[in-house]
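Reading through the structure tokens given below for one structure.
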Amino acid sequence: MGKISTYNQVPAVFDSIFDGLLTSGIVDDFIGRSARAIAAPKTQTIESKESYIISLAAPGVSKEDFAVTMAGRTITLSYEKGEKSSEFFNFSSFKKSWTAPKGVTSEGISAEYVDGILSIIVKKPVEVHEDPEVITIN
Numbered sequence: 042m043g044k045i046s047t048y049n050q051v052p053a054v055f056d057s058i059f060d061g062l063l064t065s066g067i068v069d070d071f072i073g074r075s076a077r078a079i080a081a082p083k084t085q086t087i088e089s090k091e092s093y094i095i096s097l098a099a100p101g102v103s104k105e106d107f108a109v110t111m112a113g114r115t116i117t118l119s120y121e122k123g124e125k126s127s128e129f130f131n132f133s134s135f136k137k138s139w140t141a142p143k144g145v146t147s148e149g150i151s152a153e154y155v156d157g158i159l160s161i162i163v164k165k166p167v168e169v170h171e172d173p174e175v176i177t178i179n
């Protein structure tokens with residue numbers, strides 16, 4: 042009977058090891074987070090006195106794969122990259138949108154891609170400060 046009890050405890054030990062791996066974050070770190078990191082490149086938005094700079098780290102993506110569009114006040118950055126070989130098929134895509142401040146037009150937006158970093162420069166609109174007019178009350 043002692044051997045059966047020991048044998049029954051071995052699977053319990055393995056179960057606890059595997060349960061620990063699944064709940065410890067190791068599998069999530071290895072599979073989940075690494076997959077999300079590949080699927081969602083890092084973006085950064087910086088505000089300067091004259092503009093907003095949206096940067097995207099996308100090494101290995103060619104300039105021709107990117108699209109930057111503006112519809113209304115929505116600026117959208119996207120890319121699709123795919124390659125097919127005899128051994129595997131690899132495809133990735135990304136899309137993210139930002140709302141531009143009032144007064145920003147597409148003429149005030151430029152983009153550049155240098156060393157794997159795409160930067161979108163959004164010039165701030167010129168603020169018009171008007172002196173208030175006094176209205177006479179009759």
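Just remember that my numbering sits 41 ahead of the position in the sequence shown, which is counted from 1.
Every residue gets a Cβ at the ideal spot worked out from N, C-alpha and C, and that includes glycine.
All figures in this text were calculated on a predicted structure; none of them were measured in a lab.
Distance CB(residue i)-CB(residue j) smaller than 8 Å
i	j	result
ILE116	ILE87	no
LYS165	SER103	no
VAL163	VAL145	yes
MET111	SER147	yes
Neighbourhood of residue i by C-beta, 7 Å cutoff - its chain only, sequence neighbours within 5 removed
i	result
ALA98	PRO82, LYS83, GLY157, ILE158
MET138	According to the sequence displayed, residue 138 carries Ser and not Met. THR115, ILE116, THR117, listed in sequence order.
N-terminal and C-terminal residue of the beta strand (DSSP E) that residue i is part of
i	result
GLU153	150-155
LEU86	Looking at the sequence shown, residue 86 is not Leu but Thr. Run containing THR86: 84-88, per the beta strand (DSSP E) assignment.
THR177	Premise fails: THR177 is in no beta strand (DSSP E) and is neither H nor E.
VAL109	107-112
Chain-order list of residues whose beta-carbon lies under 6 Å from that of residue i (same chain, five-residue window excluded)
i	result
SER134	GLU121
ALA152	VAL109, ILE161
Sheet register partners of residue i (DSSP bridge)
i	result
VAL163	TYR93, ILE150
GLY123	PHE132
Residue i in three-state terms, based on DSSP
i	result
TYR48	Model confidence at TYR48 stands at a pLDDT of 40, short of 50, so the residue's coordinates are unreliable; what they give is reported in the following sentence. Helix.
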